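Participant: Numbering (this note's numbering), first residue to last: -7 to 165. Cβ atoms here follow ideal geometry from the backbone N, Cα and C, with glycine treated the same way. Bear in mind the structure is a predicted one, so any value in this text is a computation, not a measurement.
1) Using beta-carbon positions only, say whether residue 46 and residue 121 come within less than 8 Å of one another.
2) Among 87, 17, 51, 61, which residue has its Cα nearest to the Cα of residue 146?
3) Is it true that the CB of residue 99 sits closer than 8 Å to the CB of residue 84?
4) My guess is that residue 173 and residue 79 are in contact by the Cβ rule of under 8 Å, so how many angstroms apart are they, rounded?
5) Can you find at least 3 beta carbon pairs, one from the segment 0 to 16 and one from the segment 150 to 157, that sit closer than 8 Å?
6) Look at residue 64 and residue 12 and say whether their C-beta atoms are less than 8 Å apart.
7) Would you kindly report the start and end of the unbroken beta strand (DSSP E) that includes residue 100?
8) Under 8 Å, do residue 111 and residue 72 count as touching if we go by C-beta distance?
9) Could you compute how far the alpha carbon of residue 27 sits from the alpha carbon of residue 136?
10) Out of 90, 49, 150, 88, state which residue places its alpha-carbon closest to the alpha-carbon of residue 59.
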């Protein structure tokens, strides 16, 4: 319990992200959303430029919400597991050719989800959610600005989780 308090003190955003992802805690999800929105607003000028319009701010908020929603998906989230023709959320599938060749069961990483067990979220789905708020995006604005921003915010979430995990291991060893 003390270790979790130490992690919360030193890496509050990471701990809120971990609790929102695995415990599905709404209080921590709100804290995590505020942290993700702050990070999104901080790094947005590098990707989409500084813009003070209301629609631009709403689009940044939506990017943060989508990134947090994508980050918090797990295999038990309804509709998030990989397609039934593939791994069904397990992350591995049976390689029938190699199994027949070697005479024993051989598994391989699912080619659709890459071993995560989660159905991939297409970029077009994200674009459709952002486009009305950003005021009509061209293909270049999307590919060179908004989509890399979304990926950067999602990557930041994973970095914060790793930092919280490292802090927890450091505290408990």
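Facilitator: By the coordinates alone:
1) Against a cut-off of 8 Å, the Cβ pair of residue 121 and residue 46 comes out as no contact.
2) 61
3) yes
4) Residue numbering for the chain in the displayed model covers -7 to 165; residue 173 lies beyond these limits and cannot be assessed.
5) yes
6) yes
7) 99 to 101
8) The Cβ-Cβ distance between residue 111 and residue 72 falls below 8 Å.
9) If I take the Cα positions, the gap works out to 24 Å.
10) 150
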